[in-house]
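Enquirer:
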Amino acid sequence: MDIYSKRLPTIKQLQYFVAVCDELSFTAAARKLGISQPPLSTQIKNLEETLQSPLFLRNTHNIVLTNEGEILKLKAKQLLNDLCSIVKSTNNEEKVLIGTTKTLSFDYIPYFKTFLTEFADETEIYKHNYTSKELQLELQKGNIDFAIVSDARDFTENSLLIYQEPLTLVLPVNHPCSKQDKVNLNDVLDLPLFWFKQHSNPLFYDQCEQVFNSLNHPLQRRTELADNLSMLLEVALGKAMMLLPQSMAQAKVDGVTYKKLISNQDKKLKINIYLIWRKNLKMTAINQAIINYFHQN
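Per our numbering, residue 4 is the first one in the sequence shown, and the count goes up by one each step.
#1: When burial is assigned at 16 or more other CB atoms within 10 Å of the CB, is Asn-204 buried or exposed?
#2: Do Leu-54 and Val-23 have their CB atoms nearer than 9 Å?
#3: Beta-carbon separation of Ser-153 and Phe-207 under 9 Å?
#4: Do Pro-175 and Gly-241 have their beta-carbon atoms positioned less than 9 Å apart in this structure?
#5: If I'm right that Leu-197 touches Ala-243 with Cβ under 8 Å, what's the distance once you round it to whole angstroms?
#6: What does DSSP give as the partner residues of Glu-52 in its beta bridges?
#7: Does the separation of the CB atoms of Leu-279 and Phe-158 fall below 9 Å?
#8: Smallest Cα separation from Leu-163: which of Asn-295, Val-186, Phe-115?
#9: So is Val-1 buried or exposed if we call it buried at 16+ other beta carbons inside 10 Å?
#10: Identify, in the order they occur along the chain, each residue of the same chain with its Cβ nearer than 6 Å to the Cβ of Ile-112, setting aside the five sequence neighbours on each side.
#11: So what's Leu-138 in DSSP terms, helix, strand or just coil?
#12: Would you call His-131 buried or exposed, if buried means 16 or more other Cβ atoms sit within 10 Å of its Cβ?
#13: Taking 8 Å as the limit between beta carbons, can you name the residues of its chain near Leu-272, skipping five residues before and five after?
#14: Quick check on the DSSP output: the alpha helix (DSSP H) that includes Gln-167 runs from which residue to which?
#15: Considering only residues of the same chain and omitting the five flanking positions on each side of Val-186, which have a CB-CB separation below 8 Å?
#16: Identify whether Lys-78 lies in helix, strand or coil by the three-state DSSP scheme.
#17: Please state if the CB of Tyr-129 and the CB of Ile-101 are separated by a distance shorter than 9 Å.
#18: Considering only their Cβ atoms, is the gap separating Leu-83 from Gln-18 smaller than 9 Å?
#19: At which residue ranges does the segment 196-275 contain complete beta strand (DSSP E) runs of 3 or more residues, listed in the order of the chain?
#20: May I have the straight-line CA-CA distance separating Ser-233 from Leu-194, to the nearest angstrom?
#21: Ile-147 and Thr-104 - do their beta-carbons sit closer together than 9 Å?
#22: From Leu-86 to Asp-25, what does the alpha carbon distance come to, in whole angstroms?
#23: Could you spell out where the alpha helix (DSSP H) holding Ile-112 opens and where it closes?
#24: Which whole-angstrom value is the C-beta distance of Leu-75 and Phe-20, which I expect to be below 8 Å?
#25: Taking Cβ positions, are Glu-125 and Ile-14 nearer each other than 9 Å?
#26: Check whether the Cβ atoms of Leu-235 and Leu-188 sit closer than 9 Å, and answer yes or no.
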């Protein structure tokens, strides 16, 4: 057999094979690849037929690599890494610049971590602590190519809703509702809520107001402090409560507890996250691939 043989595996088959090796699950591998499971299973079956050797031992609970599979795993990964290096060394295009709003902590959202891993060689995150509004201005100036934001009003033709982030209620641990799995905002109206100004994000502010106005009694507000840690310490002292995006509710502070809201409030208090891009953005292969990634997922 030589390099021109029609019996050689395809790159796609090797990529799918390595994904299954990494996840040891066809379902998880398909999710990682952004495809459904049937085409993944078909490609693995075709690969095994091409190599005339079983690569996995399967039962209803586990997937285990055969000896042949273990050998192929090492060689396939090396081959794919070498191919990535070749593509990278011959690609003279500048990296795509993406801004991400400081509203969320994207490192704690698996969906975005997967994207950033898959496009690590082609993209660069704009390292500035910007709000959604500030990122829109950066797009209009041409300083970045894409932005992931919570407000896309001025980019209706160049935007895509890609995610909805739930809000987490932050309470003092000594509050009676801290023992509940899910909390009704009507039961915590004894505490003021740290809240942002309307001009920061008018759409989301108005969305939340609809929920707050439906409560049994008016909700007290406190102006947000300079940083989350200062507000968390106030919560720990029993002086207030917070509603944080789920990805931002990671800090371990004595005296506070993180709680989900009851279903009907949780559904209405989600932050819409959009991918937006410059109106004059050149649709290169990588730019289109980024849009397609979020559109398909």
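We put the CB at the ideal spot given by N, CA and C, even for glycine.
Expert: Checking against the coordinates, here is how it stands:
#1: Mapped onto the sequence shown, residue 204 falls at position 201. By the neighbour-count rule (16 or more Cβ atoms within 10 Å), Asn-204 is buried.
#2: Locating residue 54 in the sequence shown gives position 51, where the first residue counts as 1. Locating residue 23 in the sequence shown gives position 20, where the first residue counts as 1. No, the pair does not count as a contact, with Cβ atoms beyond the cut-off.
#3: Translated into positions along the sequence shown, residue 153 becomes position 150. Translated into positions along the sequence shown, residue 207 becomes position 204. Yes. Within cutoff.
#4: Start at 1 with the first residue of the sequence shown, and residue 241 comes out as number 238. Start at 1 with the first residue of the sequence shown, and residue 175 comes out as number 172. Yes, they are a contact pair.
#5: Along the sequence shown, read from residue 1 onward, the residue named residue 197 stands at position 194. Along the sequence shown, read from residue 1 onward, the residue named residue 243 stands at position 240. Reading off the sequence shown, one finds Phe at residue 197, where the question assumed Leu. Yes, they are in contact, since the Cβ atoms of Phe-197 and Ala-243 sit about 5 Å apart, within 8 Å.
#6: On the sequence shown, position 49 is the one that residue 52 refers to. Partner(s): none; Glu-52 has no beta bridge.
#7: Within the sequence shown, the letter at position 276 stands for residue 279. Within the sequence shown, the letter at position 155 stands for residue 158. Before going further, note that residue 279 is Ile rather than Leu in the sequence given. Result yes, Cβ atoms of Ile-279 and Phe-158 sit closer than 9 Å.
#8: Taking the first residue of the sequence shown as position 1, residue 163 is located at position 160. Closest option to Leu-163, Cα to Cα, is Asn-295.
#9: What is shown of the chain runs 4 to 300, which leaves residue 1 out entirely.
#10: Here residue 112 corresponds to residue number 109 of the sequence shown, with the count starting at 1. So the qualifying residues of the chain are Ser-250.
#11: As a first step, residue 138 is located in the sequence shown; it is residue number 135 there, counting from the start. Looking at Leu-138 - three-state DSSP - the assignment turns out to be helix.
#12: The count along the sequence shown starts at 1 and reaches residue 131 at position 128. By the neighbour-count rule (16 or more Cβ atoms within 10 Å), His-131 is not buried but exposed.
#13: Residue numbering aside, residue 272 sits at position 269 when the sequence shown is read from its first letter. Around Leu-272: Pro-169, Leu-170, Gln-210, Cys-211, Val-214, Leu-246, Leu-264.
#14: One-based indexing of the sequence shown puts residue 167 at position 164. First-last for Gln-167: 162-168, but that is the beta strand (DSSP E), not the alpha helix (DSSP H).
#15: For the purposes of this step, residue 186 is identified with residue 183 of the sequence shown, where counting begins at 1. Around Val-186: Leu-172, Leu-174, Cys-180, Lys-262, Lys-263, Leu-264, Ile-265.
#16: Numbered from its first residue, the sequence shown carries residue 78 at position 75. Correct three-state label for Lys-78: helix.
#17: By 1-based counting over the sequence shown, the position of residue 101 is 98. By 1-based counting over the sequence shown, the position of residue 129 is 126. Yes, they are a contact pair.
#18: Looking up residue 18 in the sequence shown gives position 15. Looking up residue 83 in the sequence shown gives position 80. Cβ distance < 9 Å, so Gln-18 and Leu-83 count as in contact.
#19: 196-198, 224-226, 245-248, 259-264
#20: Looking up residue 233 in the sequence shown gives position 230. Looking up residue 194 in the sequence shown gives position 191. Ser-233 and Leu-194: Cα-Cα distance of roughly 17 Å.
#21: Numbered from 1 along the sequence shown, position 101 holds the residue referred to as residue 104. Numbered from 1 along the sequence shown, position 144 holds the residue referred to as residue 147. Not closer than 9 Å, so no.
#22: The count along the sequence shown starts at 1 and reaches residue 86 at position 83. The count along the sequence shown starts at 1 and reaches residue 25 at position 22. About 19 Å.
#23: The count along the sequence shown starts at 1 and reaches residue 112 at position 109. Neither: Ile-112 is in no alpha helix (DSSP H) and is coded neither H nor E.
#24: Looking up residue 75 in the sequence shown gives position 72. Looking up residue 20 in the sequence shown gives position 17. Going by Cβ atoms, the distance from Leu-75 to Phe-20 rounds to 7 Å, so yes, they are a contact pair.
#25: In the sequence shown, residue 125 corresponds to position 122, counting from 1. In the sequence shown, residue 14 corresponds to position 11, counting from 1. Taking 9 Å as the Cβ cut-off, Glu-125 and Ile-14 do not qualify as a contacting pair.
#26: In the sequence shown, residue 235 corresponds to position 232, counting from 1. In the sequence shown, residue 188 corresponds to position 185, counting from 1. Not closer than 9 Å, so no.
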